[in-house]
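Undergrad:
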Amino acid sequence: MTTSPQPSHTIAHISDTHFLADEALLYGAVNTDATLSRILARLEASGIRFDALVFTGDIADLGQSDAYARIRSIVEPVADRLGAQLVWVMGNHDSRERLRTDLLDIAASDEPVDRVFDLNGLRLIALDTSVPGFHHGELTDAQLAWLGDVLAQPAPKGTLIALHHPPIPTTLPLMPILELQEQQRFADVVRATDVRGILGGHLHYSTHSLFAGIPISVAAATCYTMDTVSERGLLAGMNGGQSINVVTVYDDQVVHSAVPIGDYEVVTSFPAEFVSKVEALSPAEQKNAFSRQVPPAE
C-alpha cells in the first residue's frame with residue numbers, strides 16, 4: 684500500500700498546435716500533425732483515465748476551416764476512446780467564428796468563447812482572452828463580471844481556469860507586448876475564490892508561477908518551442924523540445940507534469956509485475972523492498 688493518494692481527476696493539457704490548411708508544414712519545417720498524433724497515441728497507450736483533453740489556444744495558425752476540420756478528425760476519436768471531455772480554448776491565432784462553427788458545431792459569432800464544464804465535481808472554465816485582429820490578450824468588463832458570477836458559487840471539487848494568455852512574466856524579448864493586459868483586474872476577480880489552478884499556453888515553453896495566490900502552469904507547444912536561453916535580444920523558435928502537461932488533481936493539491944513528445948531509448952525500468960508486487964506490500968515492507976539502498980559490490 685503506497686502512501687500517496689490516487690488523483691480524483693487527470694487532465695491532458697495541450698497547447699499551441701498551430702495547424703495549417705492542407706497539411707502544410709508550419710514555417711516550412713514543422714509537421715504539426717505528426718507531433719500531436721504522437722503524443723495522443725502515447726496518452727492512449729498509457730492506460731491512464733483522462734477526464735479531459737484541454738487545448739489552451741492557437742489550435743489553428745491562421746484560423747482556417749481545413750485546419751480545424753483536420754485537428755478535429757485527429758483529436759475527437761481519441762477523446763471518445765478515452766471517455767474524456769474535449770475542451771477547445773480560443774487563442775490569438777484562432778478565429779472565434781470558425782472555432783464555433785468548425786469545432787463546436789454552433790452558430791458563428793465574434794463574441795468571446797467562454798464556457799463552463801463540470802468534470803465530475805471539478806469545474807473547468809474555458810476563458811477567451813483573445814482580441815480579434817491582435818496577438819495580445821484582454822478580458823472585457825462583461826467577461827470579468829460573468830466570471831465573478833460563476834465563481835460566486837464554489838464547485839464541489841474546486842475550479843480550474845483554462846486560458847491562452849497566462850498572467851505570468853516572461854524574459855523573452857517582445858513577448859511582454861503580447862501578454863494579458865490589465866492583469867490586476869483579473870486578479871481581483873479570482874483572488875480568494877475556489878480557483879485551484881490556471882492553465883495557459885501562448886509562450887511556447889513550459890513554465891510555472893503564482894498569480895493572485897493561485898498556481899499557474901503553462902504547457903509548451905506541440906508545434907515549436909521558444910529558446911529561453913538564446914543570445915540576448917534574440918527571439919527564436921525551435922523545432923524541438925515539444926511537450927504537453929498532465930494535470931493530476933488531488934483533494935488538497937494539483938500537480939502539473941511535463942511530458943516530452945518523442946521516442947526515446949529506455950535505459951532503465953521496473954517491470955509491471957515487480958511494481959504490482961511492491962504496491963501490494965505494507966508500507967514497512969515497501970520501504971524494505973524498494974527504499975532500502977543496496978551496498979555497492981566490492
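Sequence positions in the sequence shown follow my numbering and run 684 to 981.
Built from N, CA and C at the ideal position, the CB exists for glycine as well.
Specify, as a first and last residue, the run of the alpha helix (DSSP H) that Q768 falls within.
TA: Note, Q768: premise wrong, no alpha helix (DSSP H); beta strand (DSSP E) at 768-772.
Undergrad: Are the stretch 767-775 and the stretch 827-839 touching, with three or more C-beta to C-beta distances below 8 Å?
TA: no
Undergrad: Determine the DSSP secondary structure at G920, reduced to helix, strand or coil.
TA: Of the three classes helix, strand and coil, the one that applies to G920 here is strand, per DSSP.
Undergrad: Output yes if chain B places a C-beta closer than 7 Å to the C-beta of T812; else output no.
TA: Among the chains of the structure shown, chain B does not appear; only one protein chain is present.
Undergrad: Could you tell me the boundaries of the alpha helix (DSSP H) in which T718 lies?
TA: 715-729
Undergrad: Look up R834 in the DSSP assignment and say whether it is helix, strand or coil.
TA: The sequence as given places Leu at residue 834; Arg does not occur at that position. In the structure shown, L834 sits in a helix (DSSP, three-state: H, G or I).
Undergrad: List, from N- to C-terminal side, the beta strand (DSSP E) runs of 3 residues or more that fit wholly inside the stretch 867-951.
TA: 878-883, 890-894, 897-901, 926-932, 937-943
Undergrad: Whole-angstrom Cβ separation of D877 and P837, contact assumed at under 8 Å?
TA: 4 Å
Undergrad: Taking the alpha-carbon positions, what's the L822 to T931 distance?
TA: 28 Å
Undergrad: Alpha carbons only, please: which of V901, V938, V977 is nearest the one belonging to P688?
TA: V938
Undergrad: Thinking C-alpha only, which one of G804, A790, S778 is nearest G816?
TA: S778
Undergrad: According to DSSP, D801 sits in a beta bridge with which residue or residues?
TA: Answer is R806, bridged to D801.
Undergrad: Label M684 either buried or exposed according to how many other C-beta atoms from any shown protein chain fall within 10 Å of its C-beta, with 16 as the threshold for buried.
TA: Only weak support is given to the placement of M684: the predicted model assigns it a pLDDT of 49, under 50, and the question is left unresolved by the model.
Undergrad: Three-state secondary structure (DSSP) at M684?
TA: For M684, the predicted structure reports a pLDDT of 49, less than 50, and the residue's modelled location is therefore unreliable. A value from the coordinates is still provided. Judged by DSSP in its simplified three-state form, M684 adopts coil rather than helix or strand.
Undergrad: Give the straight-line distance between the Cα atoms of N803 and F738, rounded to the nearest whole angstrom.
TA: Whole-angstrom Cα-Cα distance: 19 Å.
Undergrad: In chain order, what residues of the same chain have a beta carbon less than 6 Å from the beta carbon of I722, not counting five sequence neighbours either side?
TA: The residues are I927, I944.
Undergrad: Put S813 into one of helix, strand or coil per three-state DSSP.
TA: coil
Undergrad: Pull the bridge partners of F702 from the DSSP assignment, please.
TA: A743
Undergrad: Quick check: the Cα distance between S974 and L807, rounded to an integer number of angstroms?
TA: Taking C-alpha positions only, S974 is separated from L807 by approximately 38 Å.
Undergrad: Mind the definition here: the stretch 880-900 touches the stretch 948-963 only if three or more C-beta pairs lie below 8 Å; say whether that holds.
TA: No, they do not touch.
Undergrad: Candidates A835, T853, I697, D946: which alpha carbon is nearest L846's?
TA: I697
Undergrad: From T784 to S792, what does the alpha carbon distance come to, in whole angstroms?
TA: 9 Å
Undergrad: I'd like the list of long-range same chain contacts for L703, defined as Cβ closer than 8 Å, with 5 residues on each side in sequence excluded.
TA: L709, T715, A743, D744, L745, Q747, A750
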